[in-house]
Amino acid sequence: MREPLDPEMFDPVCPSELMPIRIGDKWGGMIVQCLEGGPRRFSELRVPLRTVTPKVLTASLRALERDGFVLRTVHALPARHVEYELTPLGRSLLDVVATARAWAETHLPELLDAREAADRRA
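For the sequence shown, position 89 (counting from the first letter as 1) is numbered 88 according to numbering that gives the first Met the number 0, and the numbering increases by one without interruption.
Given below as structure tokens:
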């Protein structure tokens, strides 16, 4: 049995829409992080990604699948369910995501200040 995803995996105050480095869409990097430990069901992904609507999460997963980062597997037995997991190409993003996250933690205040200044000038 694998460990459940931490509901507090992502800081709810962190403005993911402001992240200038994105994989796929604004949720792609977070999904990649959620899948780092192995395959997950949709309902498992919803725990740390609780602010994402099911429709948007589905669209993000489909986009990651289309780009070859995520594999979607339908299991028929014992009960029908779907799991998502990183492909080797998707796993190659883990270091990129970690680097982008570290950059954001260091530079987010500067980024926010720059955007606020630009908004005031506009």
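The beta-carbon is built from N, C-alpha and C at its ideal position, and this holds for glycine as well.
Exposed or buried, residue i, counting other C-beta atoms within 10 Å across all chains shown (16 or more means buried)?
| i | result |
| --- | --- |
| Val73 | exposed |
| Gly89 | buried |
| Leu111 | exposed |
| Val81 | exposed |
| Ser91 | exposed |
Can you find the residues in the same chain that come closer than 7 Å, C-beta to C-beta, to residue i, ignoring five residues on each side of it along the sequence?
| i | result |
| --- | --- |
| Phe124 | Residue 124 is absent from the model: the chain starts at 0 and stops at 121. |
| Ala103 | Met18 |
| Arg96 | Going by the sequence as given, residue 96 is Val instead of Arg. Hits under 7 Å: Ile22, Gly28, Val31, Gln32. |
Among the residues of its own chain, which have a CB less than 6 Å from the CB of residue i, if the five just before and after it don't count?
| i | result |
| --- | --- |
| Leu132 | In the structure displayed, the chain extends from 0 to 121; residue 132 sits before or after that span and is not available. |
| Glu64 | Arg71 |
Continuous beta strand (DSSP E) assignments of at least 3 residues falling wholly in the stretch 31–116: 69–74, 80–85
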